[in-house]
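One structure below.
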Amino acid sequence: GEKFDHCVLGEPSNVEVLGDMIKVGRRGSQSGTLIVDGVQGHVAYPHRASNPVPDISRLIVALSDEPLDHGSAQFQASNLEFTTVDVGNAASNVIPGQARAKFNIRYNDNHTQESLRQLVDERLVKACGNRIRAHIDWMPSNSNVFVTQPGPFTDLAVAAIEEVTGRKPELSTSGGTSDARFISSYCPVIEFGLVGQTMHQIDERTPVADLEQLTKIYRGVLDRYFG
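At position 145 of the sequence shown (counting the first as 1) the number is 145 in UniProt numbering, and the numbers step up by one without a gap.
Structure below.
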């Protein structure tokens with residue numbers, strides 16, 4: 001089969017103006033659900049129940065407060081963010097039997113998916129002690145961290161961009177996940193395209209002049225690569 005040497009992905013990598021940024025990597029993404037088991041009962045008889053709501057609150061704080069790391073040479077620090085908390089309880093006088101909280105982690109190259117899960121699981125066990133019954137239901141993820149190291153490939157892309165726009169782009173790993181994560185398994189990949197200020201918005205648009213300049217940049221990359 002075919003083997004790819006390098007790839008330029010046309011994601012909207014630029015922040016403010018064409019030529020200000022090349023994406024050379026992305027943080028990984030891992031989601032999960034924290035599940036705390038209690039014992040359902042009536043609020044008038046709390047000694048017959050075990051309320052998971054205070055417990056999940058303590059665990060959320062415990063998992064959120066301690067940093068996962070302090071960043072790396074290419075990436076900002078990993079972050080764990082809780083996004084929902086739910087007990088599925090419509091009654092105000094019933095202690096729920098279970099509480100759930102969903103979260104997402106954006107992680108850098110200090111971790112693999114497996115080592116990250118192990119780290120968070122170990123912190124959960126420590127926070128639970130001998131009393132709280134809780135576990136994490138990890139979601140499947142194909143969003144692994146990757147980075148393309150600076151070198152001749154990134155240098156020629158920078159030169160092509162600078163020639164057309166007069167700007168020297170920043171090599172960045174900021175932002176969310178992208179389709180480049182799939183390509184990174186096969187060859188080094190960088191992302192350079194249009195300005196992303198209106199992406200996914202109503203009336204998404206780009207100046208025609210940017211399209212014309214981008215075409216020249218891509219031609220410049222090809223000329224340098226095969227020259």
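Ideal placement from N, C-alpha and C gives every residue a C-beta, glycine not left out. Because the structure is a prediction, the values reported are computed rather than measured.
- Each residue's CA atom was taken as its position, placing Arg106 and Arg27 some 6 Å apart.
- Counting only unbroken stretches of 4 or more residues, the alpha helix (DSSP H) elements lying wholly within the region 141-218 are 152-165, 180-183, in sequence order.
- The Cβ-Cβ distance between Pro96 and Thr148 does not fall below 7 Å.
- Taking 8 Å as the upper bound for CB-CB distance, Phe192 and Ser13 are in contact here, some 5 Å apart.
- Boundaries of the alpha helix (DSSP H) around Asp121: 113-128.
- The C-beta distance from Glu81 to Asn104 rounds to 6 Å, short enough to meet the 8 Å contact threshold.
- Under the DSSP assignment, Ser57 falls in the alpha helix (DSSP H) whose first and last residues are 52-65.
- Between the C-alpha atoms of Arg181 and His47 there is a straight-line separation of about 51 Å.
- For Lys23, the uninterrupted beta strand (DSSP E) segment begins and ends at 21-23.
- The region 110-122 makes contact with the region 66-83: 3 or more CB pairs, one atom from each, lie closer than 8 Å.
- In the structure shown, Val17 falls within a coil segment according to DSSP collapsed to helix, strand and coil.
- Going by DSSP, Val36 is part of the beta strand (DSSP E) stretching over 28-37.
- In its chain, beyond the 5 residues on either side, Ile136 have a beta carbon closer than 7 Å to the beta carbon of Asp121.
- Between the C-alpha atoms of Arg117 and Gln98 there is a straight-line separation of about 22 Å.
- In the displayed model, Asp5 falls within coil according to three-state DSSP, outside both helix and strand.
- For Asn144 and Pro152, the gap between their C-alpha atoms comes out near 24 Å.
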